[in-house]
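Our numbering numbers the first residue of the sequence shown as 168 and each following residue consecutively.
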Amino acid sequence: MPTVLMISGWRLFFYANEGNEPIHIHCKKGDMECKYWLYTEEFEISEAYGYNMTSAAKREIRKIIFLHFEELEKAWEEFQQRR
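Next comes the structure, spelled out in structure tokens:
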């Protein structure tokens with residue numbers, strides 16, 4: 168479970184045992200957790216799931232993901248090469 172980014176109380180990370188899923192990021196803050204798919208060609212994201220997420224938390228994590236989109240994409244590629 169490598170952590171990619173820690174920001175504003177959010178931990179953004181990957182799971183190592185998810186098979187061949189497309190690029191995505193897991194996010195956790197307190198008892199809130201979510202997963203977002205990253206669509207690199209379109210520079211877009213979509214929520215795969217959310218647990219205990221408030222509307223404000225969803226806005227916050229979406230903003231964080233977009234602000235760090237290229238960094239997350241690069242980390243994913245490096246993570247996949249090491250597996």
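Every residue gets a Cβ at the ideal spot worked out from N, C-alpha and C, and that includes glycine. These numbers were taken from a predicted model, which means no experiment stands behind them.
6 Å CB neighbourhood of residue i in its chain, flanking five on each side removed
i	result
C194	W177, L179, C201 and I228
M220	M199 and C201
A215	K202 and W204
S213	W204
W243	I190
R226	none
Residue i versus residue j: straight-line alpha-carbon distance, rounded
i	j	result
I231	E238	11 Å
F246	G197	25 Å
S175	I190	23 Å
E240	T207	8 Å
Residue i: first and last residue of the uninterrupted alpha helix (DSSP H) it sits in
i	result
E185	Unbroken run through E185: none, as it is neither H nor E.
Span of the beta strand (DSSP E), counted from its first residue to its last, around residue i
i	result
R178	W177 to F180
I174	T170 to I174
Same chain only: Cβ atoms within 7 Å of residue i, ignoring 5 sequence neighbours per side
i	result
F210	F236
P169	F180, F181 and F246
DSSP three-state assignment for residue i, whether helix, strand or coil
i	result
E200	strand
- prompt: Where are the beta strand (DSSP E) runs, 3 residues long or more, that stay fully inside the segment 200–237, in chain order?
  reply: 211–218
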